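One structure is given below, encoded as C-alpha cells.
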Amino acid sequence: MKKLLLSILMISLAVLFAACSDSDADKTAQDTSKADEETADKKEADSTDVKPGDIEITDEIKDMTYSTMEGYEGVKDAYIEVDGDQITMTLQVDASLNEDKRKELGDNFVRNLSSNASFYYDELEGPEKDSYGTLFKVFDLQIGVGPGSEDILQGAKVTSGKSIMW
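Counting with mature numbering (1 follows the signal peptide of the UniProt record, and there is no 0), you get residues -18 to -1, 1 to 148 for the letters of the sequence shown.
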C-alpha cells in the first residue's frame, strides 16, 4: 500500500512540476515580444509618410461620396473642395434636422470620403471606430453642415487631432 501511495505521490509531483515549468515563462516572453511588435507596427502606421501632394481627391472619389451622402434622409446637397493640405466639405441638409443629427451626417460625410479615398490609394487606411483614417492625418478638415447660408454648424479637425471639433 505504501508503494502505491508513493507512486501516486511521485506521479502527482511530476505533473505539478511539469505544469509549473519554464515553458510558461517562454510563452510569456513570446507574448510580450509579440505585443511589442504590434505596438511598433501601430506607431509606424500612425506616423504616415504620405503627403498631401501624393493624394489627389479626384472627381470620381468626390462623386462616389456625393452619391452616397445624397442617399441619406435629410441631405439635399454635398460639396468637397481641396486646397493644398486642407479639405473643405459642405453638406446642405433639411432645416428640420437637429444639431446631433447634423453632426452625425457630417461625421458620416467625412468617413465616407476617407473610405472612398482609401479604396483608390493603398497607402491610405480607411476610417475606423476611433479614427477618420489616414486621409485626415494628411489633410486638415473644415466642414459645414446646415440648411443654407444661415444656421450652419461648423467643425474642424487638424491632422494631429483625433476628432472633429464642432
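Glycine included, each C-beta is placed from N, C-alpha and C at the ideal position. As the structure is a computational prediction, the values presented were derived from the model and not from experiment.
With respect to the 8 Å criterion, V57 and L95 are not classified as neighbours on the basis of their beta carbons. Assignment of Y61 by DSSP, reduced to helix, strand and coil, places it in the strand class. Minimum Cα-Cα distance from F118 among the listed residues T141, T40, V75 corresponds to T141. For the pair of segments examined, the stretch 124 to 138 was found to touch the stretch 76 to 90: the number of CB pairs separated by less than 8 Å reaches three. If you compare the alpha carbons of I125, Q136, M147, I134 with that of I69, the shortest gap goes to I125. L95: not part of any beta strand (DSSP E); member of the alpha helix (DSSP H) spanning 81 to 102, first to last residue.
Counting the other Cβ atoms within 10 Å of the Cβ of G115 gives 16 or more, which makes it buried.
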